[in-house]
Amino acid sequence: MEWTLSYDLDEFMAAAGGFLHDDPARNTVALTVTGDMRAEGPQVRKDVLFGWWPAGGHVEGAFLWTPSYPPLLSAMPERAARNLADVLAERAAALPGASGSQAATEAFADEWKRRTGAASRVTMHQRLYRLGELEVPDPLPAGTARTANRDERPLMLEWATAFWTEVDEHGPVNTAMMDARLETGRIALWEAGGQPVAMAWWSPVVAGMSRVSAVYTPPEHRRRGYGAAVTTKATRSAMEEGATDVVLFTDLANPTSNAVYHRLGYRPVEDRMVLAFT
254 MEWTLSYDLD EFMAAAGGFL HDDPARNTVA LTVTGDMRAE GPQVRKDVLF GWWPAGGHVE
314 GAFLWTPSYP PLLSAMPERA ARNLADVLAE RAAALPGASG SQAATEAFAD EWKRRTGAAS
374 RVTMHQRLYR LGELEVPDPL PAGTARTANR DERPLMLEWA TAFWTEVDEH GPVNTAMMDA
434 RLETGRIALW EAGGQPVAMA WWSPVVAGMS RVSAVYTPPE HRRRGYGAAV TTKATRSAME
494 EGATDVVLFT DLANPTSNAV YHRLGYRPVE DRMVLAFT
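Each residue of the sequence shown is one higher than the last, beginning at 254 in the numbering used here.
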């Protein structure tokens, strides 16, 4: 086995941290998850299995797997992805899917299907964007930006659940992570007419990178520019905290959001995929 597996965050970061930090934009999810675990404690992600490849020498690939979620794969050689599928097939009878860089995810899925007989389907084609120069909407829609407060937790959970459902996320909303964002003032709201109409989160800065996520506007408030406005607020806040790389993911099946983020100054980095196994 060329993979080293561990449940120890410190061991994982000691071995693979340099690999992840070499490209913080592409490794945004792994860095955000591990950063949250270090800052907030293991309750934000429980029983995470980490891995790096090869077992010794220069690391060329990494993954992390939280139960009920698909394993998250970094970019890696295809043989590493296939080897990982073999390793996990010996440990788990089933996986919900896989996600990450396109080539690695496809190679992993091919070997997983060969080993287990499972079928797979693509649940999302994603695009990773990185901010070039922020282009603030002009004019901004009616309303103002502000930070969500603790009393709004029920609404934030309602919106996060709706967002997770729309994007077909595996597993429930990570309420521990949501609470961490809320407690640290990293949930932006756009308010119009005296009520919140859109939401966006951003992550703490790790290796100069912060990721905007959970951008959500309830259906009754859409097509008014609120999503772009609240994304602008979250982006600015991340930059004010010191982020030099501000990134986000989009669903390529949603041309509206891709166009909005492009107008805000976000530029494509790479395409990814999310697969479900059945």
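Here a beta-carbon is modelled for each residue, glycine too, at the ideal position from N, C-alpha and C.
Around the beta carbon of D524, fewer than 16 other beta carbons sit within 10 angstroms, so the residue counts as exposed. Annotation: A372 is outside any beta strand (DSSP E) and is labelled neither H nor E by DSSP.
In terms of Cα proximity to V459, the closest of D300, T287, S259, V389 is T287.
C-alpha of D391 to C-alpha of R475: approximately 18 Å in a straight line. Rounded to the nearest whole angstrom, the C-alpha separation of W455 and L435 is 10 Å. Within the same chain, Cβ atoms closer than 7 Å to the Cβ of L501 are found at Y382, R464, V465, S466, Y514, Y519, the five residues on either side in sequence being excluded.
Counting other Cβ atoms within 10 Å of its Cβ, G478 reaches 16 or more and is therefore classed as buried. Judged by DSSP secondary structure, V286 falls within the alpha helix (DSSP H) whose first and last residues are 281-293. Assignment of beta strand (DSSP E) within the segment 462-499, counting only whole runs of 3 or more residues, yields 462-469 in chain order. The DSSP assignment places no complete run of the alpha helix (DSSP H) inside the segment 369-414 (cut-off: 4 residues). Taken through DSSP and simplified to helix, strand or coil, T257 comes out as strand.
Pairing S327 with G353 gives a Cβ-Cβ distance under 8 Å. In this structure F303 is in contact with F265, their Cβ atoms being roughly 4 Å apart against a cut-off of 8 Å.
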